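Residue numbers (the working numbering): 336 to 503. All residues carry an ideal CB built from backbone N, CA and C; glycine is no exception. These figures come from a predicted structure and were not determined experimentally. Data first, discussion second: the structure below is written as structure tokens.
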């Protein structure tokens, strides 16, 4: 019996490649545990960066959606714009594993503490956080929190929700 579904290079239904790319993005850019999809060629390999750009906006939207729901719930529960925004950003950091924040801290430490290119790269590879990295994280989160809370306070949940989803 010849069943094309068992051939790893042939998706078993139209659009399977898109689903495989979404799953690969979610696995790569977050802490979300996405189980292997049926007949997925290599579920735990790094994404194919020649095909995943088509699904990056959708993957970002899926990752930001829980944080957006927390933002709206916090607003509806009258927690205040600051608390609702802080909870949404905290959940987003948990979902993504704060990978972008880690990269920002590494770059800030490297450029702030290194006098030569080699020293900067050495500092960036170091897993510890330094003063420049900590400062960059505090400033970045303060700006994000302030912008989201101000927008939520002045324009309501719809505008803040749009900002949060657009930033994903």
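- For residue 458, the enclosing alpha helix (DSSP H) starts and ends at 452-460.
- When 404, 429 and 462 are compared, the shortest CA-CA separation from residue 368 is found for 429.
- Between the stretch 411-421 and the stretch 484-497 there are three or more inter-stretch CB-CB distances shorter than 8 Å, so the stretches are counted as touching.
- Contact between the stretch 347-361 and the stretch 384-391 is present, with at least three C-beta pairs closer than 8 Å.
- Comparing C-alpha distances from residue 423 to each of 408, 475 and 381 shows the shortest one belongs to 408.
- Listed in chain order, the non-local C-beta contacts of residue 480 below 8 Å within the same chain comprise 417, 420, 421 and 424, local neighbours out to five positions each way being set aside.
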